[in-house]
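These notes are about the structure you will find just below.
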């Protein structure tokens, strides 16, 4: 199993609308994890294409 890049408790804390907490389905975490991994991978590729070893905000 790969290490998660998200913290479920933090996601739950942010999942609010009009001050009311919403439930978070397990499948939401899985999809969020995949989207985050893809975003990070693309940012790393962009940094390398620009001859950098540091991923920066502009890579997003």
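Numbering (our numbering), first residue to last: 1 to 60.
Just so you know, even glycine gets a beta-carbon here, dropped at the ideal spot from N, CA and C.
Cβ shell of residue i (< 6 angstroms), same chain only, five flanking positions each side left out
i	result
residue 60	43
heavy atom of the ligand FAD below 7 angstroms from residue i C-beta
i	result
residue 8	This structure simply doesn't include the ligand FAD, nor any ligand for that matter.
C-beta contact flag for residue i and residue j at 8 angstroms
i	j	result
residue 24	residue 12	yes
residue 5	residue 41	no
residue 22	residue 16	yes
Beta bridge counterpart(s) of residue i as assigned by DSSP
i	result
residue 21	16
Sequence-distant residues of its chain with Cβ nearer than 7 angstroms to residue i (five each side left out)
i	result
residue 112	Nothing can be reported for residue 112, as the shown portion of the chain is limited to 1 through 60.
Contacting residues, own chain, Cβ-Cβ under 8 angstroms from residue i (five flanking each side not counted)
i	result
residue 53	47
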